[in-house]
Amino acid sequence: MGRPVEPINQQIAEQVIEWISQGKTLREFCRQSGMPTFGAIYDWLAKDDDFAQRFAHARETGHEVLAQECAAIADESCADQVDVGRNRLRIETRLKLLAKWNPKKWGEKQSVDHGGSVSLNVITGVPPRDTNDG
(Lines of atoms letter the chains of each structure in order from A and count residues from 1; the text may use other names and numbers.)
(Lines give C-alpha, C1' and ligand atoms only; values in the text may rest on other atoms or scores of the structure.)
Protein backbone atom coordinates (compact mmCIF):
# COMPACT_ATOMS: atom_id res chain seq x y z
CA MET A 1 0.00 0.00 0.00
CA GLY A 2 1.32 3.47 -0.90
CA ARG A 3 1.77 6.44 1.33
CA PRO A 4 -1.39 8.29 2.38
CA VAL A 5 -2.37 11.31 0.29
CA GLU A 6 -2.01 14.62 2.12
CA PRO A 7 -5.34 16.41 2.44
CA ILE A 8 -5.67 19.44 0.16
CA ASN A 9 -4.89 22.67 1.95
CA GLN A 10 -7.06 25.20 0.08
CA GLN A 11 -4.91 28.16 1.09
CA ILE A 12 -1.78 26.51 -0.26
CA ALA A 13 -3.69 25.34 -3.35
CA GLU A 14 -4.53 28.99 -4.10
CA GLN A 15 -0.88 29.93 -3.64
CA VAL A 16 0.15 27.18 -6.07
CA ILE A 17 -2.33 28.45 -8.69
CA GLU A 18 -1.07 32.03 -8.33
CA TRP A 19 2.58 30.90 -8.45
CA ILE A 20 2.15 28.79 -11.59
CA SER A 21 0.16 31.52 -13.36
CA GLN A 22 3.18 33.82 -12.94
CA GLY A 23 5.33 31.48 -15.03
CA LYS A 24 7.20 30.07 -12.05
CA THR A 25 7.90 26.37 -11.61
CA LEU A 26 6.15 23.99 -9.25
CA ARG A 27 9.53 22.63 -8.23
CA GLU A 28 10.59 26.10 -7.08
CA PHE A 29 7.31 26.50 -5.16
CA CYS A 30 7.73 23.19 -3.35
CA ARG A 31 11.28 24.04 -2.29
CA GLN A 32 10.03 26.90 -0.14
CA SER A 33 9.94 26.28 3.59
CA GLY A 34 6.66 24.82 4.83
CA MET A 35 5.30 23.95 1.39
CA PRO A 36 4.06 20.49 0.38
CA THR A 37 6.19 18.18 -1.71
CA PHE A 38 6.05 18.00 -5.47
CA GLY A 39 4.42 14.57 -5.16
CA ALA A 40 1.77 15.88 -2.76
CA ILE A 41 0.73 18.55 -5.26
CA TYR A 42 0.42 15.92 -7.99
CA ASP A 43 -1.66 13.77 -5.61
CA TRP A 44 -3.97 16.77 -5.13
CA LEU A 45 -4.22 17.17 -8.90
CA ALA A 46 -5.18 13.50 -9.27
CA LYS A 47 -7.92 13.60 -6.65
CA ASP A 48 -9.45 17.07 -7.16
CA ASP A 49 -10.79 17.80 -10.65
CA ASP A 50 -11.52 21.46 -9.89
CA PHE A 51 -7.97 22.03 -8.65
CA ALA A 52 -6.60 20.17 -11.70
CA GLN A 53 -8.59 22.37 -14.10
CA ARG A 54 -7.54 25.57 -12.34
CA PHE A 55 -3.92 24.36 -12.29
CA ALA A 56 -4.03 23.63 -16.05
CA HIS A 57 -5.42 27.10 -16.74
CA ALA A 58 -2.76 28.67 -14.50
CA ARG A 59 -0.09 26.72 -16.36
CA GLU A 60 -1.35 28.08 -19.71
CA THR A 61 -1.28 31.60 -18.28
CA GLY A 62 2.24 30.98 -16.99
CA HIS A 63 3.32 29.88 -20.46
CA GLU A 64 2.05 33.19 -21.87
CA VAL A 65 4.05 35.01 -19.19
CA LEU A 66 7.21 33.12 -20.22
CA ALA A 67 6.63 34.02 -23.88
CA GLN A 68 6.22 37.69 -22.97
CA GLU A 69 9.40 37.49 -20.89
CA CYS A 70 11.23 36.39 -24.05
CA ALA A 71 10.16 39.59 -25.79
CA ALA A 72 11.18 41.69 -22.79
CA ILE A 73 14.58 40.00 -22.57
CA ALA A 74 15.14 40.56 -26.30
CA ASP A 75 14.41 44.27 -25.82
CA GLU A 76 16.91 44.66 -22.95
CA SER A 77 20.00 46.68 -23.74
CA CYS A 78 23.25 44.74 -23.52
CA ALA A 79 26.58 46.20 -22.44
CA ASP A 80 28.72 43.53 -24.10
CA GLN A 81 28.78 40.15 -25.82
CA VAL A 82 28.51 38.36 -22.48
CA ASP A 83 25.13 40.04 -21.86
CA VAL A 84 24.03 39.21 -25.40
CA GLY A 85 24.97 35.54 -24.91
CA ARG A 86 23.28 35.34 -21.52
CA ASN A 87 20.07 36.88 -22.87
CA ARG A 88 20.11 34.55 -25.87
CA LEU A 89 20.43 31.58 -23.51
CA ARG A 90 17.58 32.87 -21.32
CA ILE A 91 15.30 33.24 -24.34
CA GLU A 92 16.25 29.91 -25.93
CA THR A 93 15.73 28.06 -22.64
CA ARG A 94 12.25 29.51 -22.19
CA LEU A 95 11.29 28.78 -25.80
CA LYS A 96 12.55 25.20 -25.59
CA LEU A 97 10.63 24.61 -22.38
CA LEU A 98 7.47 26.07 -23.90
CA ALA A 99 7.86 23.84 -26.96
CA LYS A 100 8.33 20.78 -24.74
CA TRP A 101 5.44 21.59 -22.40
CA ASN A 102 2.96 22.47 -25.15
CA PRO A 103 4.27 21.45 -28.58
CA LYS A 104 0.99 22.15 -30.38
CA LYS A 105 1.07 25.80 -29.38
CA TRP A 106 4.77 26.57 -28.93
CA GLY A 107 6.58 23.88 -30.94
CA GLU A 108 8.13 24.47 -34.33
CA LYS A 109 5.60 23.91 -37.08
CA GLN A 110 6.69 21.38 -39.66
CA SER A 111 4.99 20.78 -42.96
CA VAL A 112 5.64 18.67 -46.01
CA ASP A 113 4.77 19.91 -49.49
CA HIS A 114 4.49 17.36 -52.24
CA GLY A 115 4.28 18.76 -55.75
CA GLY A 116 4.80 15.64 -57.83
CA SER A 117 2.44 12.93 -58.94
CA VAL A 118 1.90 9.66 -57.17
CA SER A 119 1.79 6.38 -59.08
CA LEU A 120 0.93 2.96 -57.74
CA ASN A 121 2.20 -0.30 -59.20
CA VAL A 122 0.63 -3.43 -57.74
CA ILE A 123 2.97 -6.39 -57.68
CA THR A 124 1.42 -9.74 -56.82
CA GLY A 125 4.31 -12.07 -57.49
CA VAL A 126 2.16 -14.11 -59.90
CA PRO A 127 3.55 -14.26 -63.45
CA PRO A 128 1.22 -13.00 -66.17
CA ARG A 129 -0.85 -15.68 -67.86
CA ASP A 130 0.07 -16.48 -71.43
CA THR A 131 -3.08 -16.09 -73.53
CA ASN A 132 -1.66 -18.25 -76.39
CA ASP A 133 -1.91 -21.50 -74.36
CA GLY A 134 -5.43 -21.65 -74.59
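Just so you know, this note's numbering puts 134 at position 133 of the sequence shown, and the rest follows in order with no gaps.
Heads up, the beta-carbon is just placed ideally off N, CA and C, and yes, glycines get one too.
Because the structure is a prediction, the values reported are computed rather than measured.
Same chain, Cβ closer than 7 Å to residue i, neighbours up to 5 away in sequence not counted
i, result
"Asn103", "His64"
"Arg87", "none"
"Gln23", "Gly63, Val66"
"Ala41", "Glu7"
Local conformation of residue i per DSSP, three classes
i, result
"Ser112", "coil"
"Asp44", "helix"
"Leu27", "helix"
"Glu7", "coil"
"Ser22", "helix"
"Ala16", "According to the sequence provided, residue 16 is Gln. The question's Ala does not apply to it. Note: Gln16 maps to helix in three-state DSSP."
"Asn122", "coil"
"Thr38", "coil"
Residues near residue i by beta carbon distance below 6 Å, same chain, minus five either side
i, result
"Ile21", "Ala59, Arg60, Gly63"
"Glu109", "none"
"Phe52", "Ala14, Trp45"
Residue i Cβ short of 6 Å to the ligand GTP heavy atom set
i, result
"His64", "With respect to the ligand GTP, the structure offers nothing, as it holds no ligand at all."
8 Å CB neighbourhood of residue i in its chain, flanking five on each side removed
i, result
"Leu98", "Leu67"
"Arg28", "Phe39"
"Ala80", "none"
Interface flag, residue i vs chain C, CB-CB below 7 Å
i, result
"Glu93", "This model lacks chain C altogether; it includes just one protein chain."
List, from N- to C-terminal side, the alpha helix (DSSP H) runs of 4 residues or more that fit wholly inside the stretch 48-118. 50-76, 82-102, 104-107
Does the structure place the stretch 41-60 close enough to the stretch 7-14 that three or more beta carbon pairs sit under 8 Å? yes
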